[in-house]
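Q: Got a structure for you, written out below as structure tokens; questions coming shortly.
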Amino acid sequence: MEANEFYNEISATYDKMTHFQARLKNEAKTMKQWVNRYQLESVIDAACGTGIHAIGLAQMGIRVVGADVSDAMLEQARQNAEKQGVTISWIQTPMQQLHRQISGAFDAVMCLGNSLPHLLNELELDAAMKSFSAVSNANGRCVLQLLNYKRILENRERIIGIRRDDHTQLIRFYDFTPPLIQFNILTIQWENEKSSHRLQTTPLFPYVKAQIEYALLANNFVDIEYFGDMQFTSFDENNSPNLVVTARKA
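Heads up: the sequence shown runs through residues 884 to 1133, numbered per this note's numbering.
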């Protein structure tokens, strides 16, 4: 499945699968650290999903635009924002087209939650970084969070997560199909000791540090910093769970 179709199909169960309610407060605290560190007043949340980061930012009074390719995920984000009592502008658009849909310039573009690997080649990555640069203020920040695929590829780490709620079991795992990997969600429904299942799959490109750096430098971003998580832990390519990258627009 293409990314928009994939996320449209899983939108109804996405928040349960990713522990939205349990994570909301902690994610808001994390966003506050980034806002304070880089003195942010306006942010575009690119590939915002169901809005967990955009909502945390809006609760601090930050001007936020949430953008996503999936209309179903955006509808869930609107509902989540309404429940939290915050106002956010939502726009349906792929990352590469932000500059065509959003006017003005922002203090930061954030692309979090391992969204960047849905860009399936380096030309698409370059187009996204070009768009991020176009909607950034002078000295604006680009913040990228993805999994540490160097570690995942070297260790062949297939299982991402397993969760069961009542009669529904969700298993997230990878298949390695170079140069891409396949991201799978296996949903198992249990009823009276009998099971039915559904497998949904979408491709990802497992970007590593050098590829991200090249795309940023090619699109007017400088002063690149690397972290192993969103709490600013130093990046260790062999052990860090995430590759978090931030850069400043020159």
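Positions of the beta carbon are idealized from the N, C-alpha and C atoms, including for glycine.
It should be emphasised that the depicted structure is a prediction, and the values quoted were computed from it without experimental measurement.
Taking just the CA atoms, how far does Leu-981 sit from Met-914?
A: One C-alpha to the other measures close to 21 Å.
Q: Note down, in chain order, each residue of its chain lying with its Cβ closer than 6 Å to the Cβ of Arg-1137, except the 5 sequence neighbours on either side.
A: The question about residue 1137 has no answer here: the residues shown for the chain are numbered 884 through 1133.
Q: Taking only runs of the alpha helix (DSSP H) that begin and end inside the stretch 894 to 936, which ones reach a length of at least 4 residues, in chain order?
A: Taking only runs of at least 4 residues, the alpha helix (DSSP H) segments lying wholly in the stretch 894 to 936 are 903 to 921.
Q: Tell me whether the stretch 891 to 902 and the stretch 911 to 928 touch, counting them as touching only if at least three CB pairs, one residue from each stretch, are closer than 8 Å.
A: Contact fails: fewer than three Cβ-Cβ distances are below 8 Å.
Q: Less than 7 Å separating the beta-carbons of Ile-927 and Val-948?
A: Taking 7 Å as the Cβ cut-off, Ile-927 and Val-948 qualify as a contacting pair.
Q: Would you say Leu-1027 and Val-1128 are within 7 Å of each other, going by their C-beta atoms?
A: In contact: Leu-1027 and Val-1128 (Cβ atoms closer than 7 Å).
Q: Give the single residue among Glu-1007, Met-993, Ser-1078, Arg-1024 whose Cα lies nearest to the Cα of Gly-939.
A: Gly-939 has its Cα closest to that of Met-993, out of Glu-1007, Met-993, Ser-1078, Arg-1024.
Q: Would the stretch 1092 to 1103 and the stretch 1069 to 1081 be scored as touching if the rule is three or more Cβ pairs under 8 Å?
A: Flag = no, the stretch 1092 to 1103 and the stretch 1069 to 1081 do not touch.
Q: Tell me the DSSP secondary structure of Arg-1034 in three-state form.
A: DSSP places Arg-1034 in helix when its eight states are reduced to three.
Q: For the beta strand (DSSP E) containing Ile-1043, name the first residue and the last one.
A: Segment 1042 to 1048, the beta strand (DSSP E) holding Ile-1043.
Q: Looking only at C-alpha atoms, which of Val-1105, Gln-967, Asp-1009, Ser-1014 sits nearest to Gly-987?
A: Ranking Val-1105, Gln-967, Asp-1009, Ser-1014 by Cα distance to Gly-987 puts Ser-1014 first.
Q: Any chance you could list the alpha helix (DSSP H) runs of at least 4 consecutive residues sitting entirely within the stretch 973 to 1043, in chain order?
A: Entirely contained in the stretch 973 to 1043, the alpha helix (DSSP H) runs reaching 4 residues are, in chain order, 981 to 984, 1005 to 1017, 1032 to 1038.
Q: Please report the Cβ distance between Tyr-1057 and Arg-1081, rounded to the nearest whole angstrom; I am assuming they are in contact, meaning their Cβ atoms lie under 8 Å.
A: So it is not a contact: roughly 18 Å between Cβ atoms.
Q: What do you reckon, are the CB atoms on Phe-989 and Val-1018 nearer than 7 Å?
A: For Phe-989 and Val-1018, yes; Cβs fall inside 7 Å.
Q: Which residue's Cα is closest to the Cα of Ala-1021: Phe-903, Ala-1130, Met-884, Val-1091?
A: Nearest of Phe-903, Ala-1130, Met-884, Val-1091 to Ala-1021, Cα basis: Ala-1130.
Q: Do the CB positions of Ser-925 and Arg-906 come within less than 7 Å of each other?
A: Not in contact: Ser-925 and Arg-906 (Cβ atoms no closer than 7 Å).
Q: Near Asp-1112, which residues of its chain fall below 6 Å by C-beta distance, leaving aside the five closest residues on each side in sequence?
A: Result list for Asp-1112: Asn-1125, in chain order.
Q: Provide the residue span of the beta strand (DSSP E) that contains Ala-960, from first to last.
A: Looking at the DSSP string, Ala-960 is not in any beta strand (DSSP E); the run it does join, the alpha helix (DSSP H), is 954 to 967.
Q: Give me the Cβ distance between Leu-1087 and Leu-1069, rounded to the nearest whole Å; I'm assuming they're in contact under 8 Å.
A: About 16 Å; that fails the 8 Å criterion.
Q: Per DSSP, Asp-1106 forms a beta bridge with which residues?
A: For Asp-1106, which the question treats as bridged, DSSP gives no partner whatsoever.
Q: By Cβ distance, which residues of its chain are closer than 6 Å to Met-1136, with the 5 residues on each side in sequence left out?
A: Since the first and last residues shown for the chain are 884 and 1133, residue 1136 lies out of range.
Q: If I follow the unbroken beta strand (DSSP E) through Ala-1130, where does it start and stop?
A: Start and end: 1125 to 1132.
Q: Could you check the C-alpha separation between Ala-1133 and Gln-979 for me, to the nearest Å?
A: Straight-line Cα distance between these residues: approximately 20 Å.
Q: For Trp-973, collect the residues of the same chain with a Cβ closer than 7 Å to its Cβ; drop the 5 residues on either side in sequence, then sort them by chain order.
A: Gly-949, Leu-957, Ala-960, Arg-961.
Q: Kindly list the residues whose CB is nearer than 6 Å to the CB of Ser-998, restricted to its own chain and excluding five residues on each side of it in sequence; keep chain order.
A: Excluding residues within five positions, the ones whose Cβ falls inside 6 Å are Ala-930.
Q: Which one of His-902, Ile-1107, Lys-899, Tyr-1097 has the shortest CA to CA distance from Ala-1010?
A: Ala-1010 has its Cα closest to that of Tyr-1097, out of His-902, Ile-1107, Lys-899, Tyr-1097.
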